[in-house]
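In UniProt numbering, the protein residues as written are 1 to 124.
Beta carbons: idealized from backbone N, C-alpha and C, even for Gly.
One structure is given here, and the rest of the page talks about it.
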């Protein structure tokens, strides 16, 4: 049995610069986690549907969505679960929704580290 495809989910934007910035942030994870892909909820490609269809074509039937959101707002409480339900029915797959990364205390520590580096680089 193969491992599930990991989908790093971002909101998406019609602004290509936003997408490029996000993809740079996702690059270390994509390089380190086998079978991981980026998808956007809306406004950009690849969509969740596109990534699911590609996976199904490769024989993948299990997916885990890791939302790169700071908190679970309306999108993660209503919109994404509704999308998952439709995708599971349409493609005969199983999709798990992980908590948003903002709920993980490691993100708070990473933010602290970035702020501390900025303070060190700022001239007094």
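Rounded to a whole number of angstroms, what is the C-alpha to C-alpha distance between residue 162 and residue 114? A query on residue 162 cannot be resolved here, the shown segment of the chain reaching from 1 to 124 and no further.
Close Cβ partners of residue 35 (< 7 Å) along its chain, the five nearest in sequence each way excluded: The beta carbon of residue 35 lies closer than 7 Å to those of 3, 5, 6 in the same chain, with the five residues before and after it left out.
Quick one: does residue 3 have its CB under 8 Å from some CB of chain C? This model lacks chain C altogether; it includes just one protein chain.
Can you tell which of 38, 31, 105, 23 has its C-alpha closest to the C-alpha of residue 66? The candidate whose alpha carbon is nearest that of residue 66 is 38.
Which of helix, strand or coil DSSP assigns to residue 60: If DSSP states are grouped into helix, strand and coil, residue 60 belongs with coil.
Are the beta-carbon atoms belonging to residue 14 and residue 44 less than 8 Å from one another? Annotated as proximal: residue 14 and residue 44, with beta-carbon spacing under 8 Å.
Taking C-alpha atoms, which residue in 112, 51, 68, 104 lies nearest to residue 95? Of 112, 51, 68, 104, the residue nearest in Cα terms is 51.
Cut-off 7 Å between Cβ atoms - residues of its own chain near residue 70, not counting five sequence neighbours on either side: Exclusion of the five residues before and after residue 70 leaves 100, 102 as the residues of its chain whose Cβ lies within less than 7 Å of its Cβ.
Give the DSSP-derived three-state secondary structure of residue 71 in the structure shown. Coil.
Closest residue to residue 98 among 86, 89, 76, 92 (Cα-Cα distance): Of the candidates 86, 89, 76, 92, the one whose C-alpha sits nearest the C-alpha of residue 98 is 76.
Measuring straight from C-alpha to C-alpha, what distance separates residue 73 and residue 104? So the two alpha carbons sit approximately 16 Å from each other.
Nearest-angstrom Cα distance between residue 12 and residue 41? Distance from the CA atom of residue 12 to the CA atom of residue 41, rounded to whole angstroms, is 6 Å.
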